[in-house]
Amino acid sequence: MPQATNTVLHDRRYYVDKVCEAPKRLDPDTLELCESEDEDELPPVRATNAALHDKRYYEKIVCEAPKPIAKVPNPKLAPVVSTEDVRDLRITLRDADKDQGKKVRLNLQWQRKPCAKLVEVLGCDEPCALKVVLGDSLRMDDRMGAVLRDGDVVELTRKTPEEILADASDAPVVEDVSAGLARRAALEARAAEDDAKRAAAAEAREAGNAAFKDGQLERAHALYARATLLDATDARSWANLAAIALRWDDPAAAERAAAMAVEHAEPGDPVGKWRFRLGRAKHGRRDYDGALACFDDALRSPDFAEGSALLRDLRNAKKCAEAAIAKLRVSDEPN
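For the sequence shown, our numbering assigns the number 466 to the initial residue and increments by one for each residue that follows.
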């Protein structure tokens, strides 16, 4: 690398915060650097920048390439940051009157601001106060990083902090985010459990149907009962229990099971047939008016094909109920 001229090397503006090596003499014959024989010609090695780079002092002297001075940071000026201050707060702001909310992220700069800045975030000009849901009200001059925690829900209300503290019945209109997440997780777990129970109930019902076809009424009854214990809304299992109770001439049990089947029926279920069973159970308990109402409801359903044996049985059962009602009326007439 060619040596620069003394004018360039020793310009003070060029050598700000630079230190040169010990200067050497420039041989005028060879134009090469060599050690100086006269110590008085050379400046001290530890000289200041002002002395080293004085053009008048370095006449006919050339320095080595300059080196930067290693800067040691001043410990007094080093930023002191606490681990507790470096927090990334994510809070939810709610307006109790307008039922609005927004989630905001508070970095370290925002955490050092007073709580009154949160009011400006919602753009409210009216006198208002801040309150941590399921917590205490916030003072406007408190630093947010000192009073808020990650996941807090802050509610904006038009009441003053004194009014909030004085009114013991001031209930929060929103819930804590963490509580909402926990409740959602519990609901999802409960839904999964209910799905598993419904699947087990359907499996028991199918096994009961197979046993019913084989004539094993006791086993079928036990399987249907197990299905209703697993899923109390299994309308088909209740209807099958009603059919078995009618075969066993137990109208009370048949009425309870048929009523549960009609109550929990879903679109597409043969509700007309189940009302027919409910009417037969009521007829067996001598509730002829109730039986006749069930038979009329069953006739209005599309579950009975015209000319089918089941439709004939339904019409015959209705005639029997009408005859029983007429007989009771005759017996109640005074002699």
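Just so you know, even glycine gets a beta-carbon here, dropped at the ideal spot from N, CA and C.
In the DSSP assignment, what are the bridge partners of residue i?
| i | result |
| --- | --- |
| G801 | The requested residue 801 does not occur in the structure, where the chain is confined to residues 466 to 800. |
| P802 | Nothing about residue 802 can be read from this structure; the chain reaches only from 466 to 800. |
| S602 | K596 |
| L743 | Paired residues: none, contrary to the question. |
| L554 | L571 |
Put residue i into one of helix, strand or coil per three-state DSSP.
| i | result |
| --- | --- |
| S803 | Summary: the structure shown does not reach residue 803, with the chain confined to residues 466 through 800, and so no result is reported for it. |
| L571 | strand |
| E771 | coil |
| E620 | strand |
| L438 | A query on residue 438 cannot be resolved here, the shown segment of the chain reaching from 466 to 800 and no further. |
| G680 | coil |
| E787 | helix |
| D714 | coil |
| R729 | First, the residue type needs correcting, since residue 729 is His and not Arg in the sequence shown. H729 falls in the coil class under three-state DSSP. |
| D752 | coil |
| G697 | Rather than Gly, the amino acid found at residue 697 in this sequence is Ala. Of the three classes helix, strand and coil, the one that applies to A697 here is coil, per DSSP. |
| D778 | helix |
| D734 | coil |
| N765 | Looking at the sequence shown, residue 765 is not Asn but Arg. The answer is coil: DSSP assigns R765 none of H, G, I, E or B. |
Take residue i and list the residues in its own chain whose beta-carbon comes closer than 8 Å to its own, dropping the five residues that flank it on each side.
| i | result |
| --- | --- |
| R777 | none |
| R701 | R670, A726 and D734 |
| V795 | none |
| I790 | Y753, D754 and L757 |
| D679 | none |
| K578 | R608 and M609 |
| N781 | none |
Compute the Euclidean distance between the alpha carbons of residue i and residue j, then round it to the nearest angstrom.
| i | j | result |
| --- | --- | --- |
| L582 | R663 | In the sequence as presented, Leu is not what sits at residue 582; that position holds Lys. Their backbone Cα atoms lie some 52 Å apart in a straight line. |
| R765 | G737 | 8 Å |
| N572 | V597 | 19 Å |
| Q681 | I709 | 11 Å |
| A723 | W703 | 6 Å |
| E658 | A647 | 16 Å |
| A665 | R712 | 26 Å |
| E787 | D715 | 22 Å |
| D762 | A730 | 14 Å |
| R750 | A656 | 39 Å |
| L757 | K783 | 6 Å |
| L613 | E585 | 17 Å |
| T513 | D553 | Residue confidence for T513 is low, a pLDDT of 48 falling below 50, so the modelled location carries little weight; the figure read from the coordinates is stated next. Between T513 and D553, the C-alpha separation is close to 48 Å. |
| R555 | D660 | 35 Å |
| P732 | A667 | 17 Å |
| L603 | K567 | 18 Å |
| L832 | D768 | Outside the modelled stretch of the chain, which goes from 466 to 800, sits residue 832, for which no answer is possible. |
| H748 | L695 | 30 Å |
| A697 | E728 | 11 Å |
| G772 | A650 | 54 Å |
Closer than 6 Å by C-beta to residue i: which residues in its own chain qualify, once you throw out the five before and the five after it? Chain order, please.
| i | result |
| --- | --- |
| A685 | G673, A676 and F677 |
| E653 | none |
| N801 | No answer is possible for residue 801: the residues shown for the chain start at 466 and end at 800. |
Starting from the C-beta of residue i, find all residues in its chain whose C-beta is less than 7 Å away, skip the five residues before and the five after it, and write them out in chain order.
| i | result |
| --- | --- |
| A717 | R750 |
| D562 | R623 |
| V569 | I556, L558 and V586 |
| V545 | Caution is warranted here: a pLDDT of 46 is assigned to V545, below 50, making its placement in the model unreliable, and no coordinate value can be reported. |
| C593 | V584, L621, T622 and R623 |
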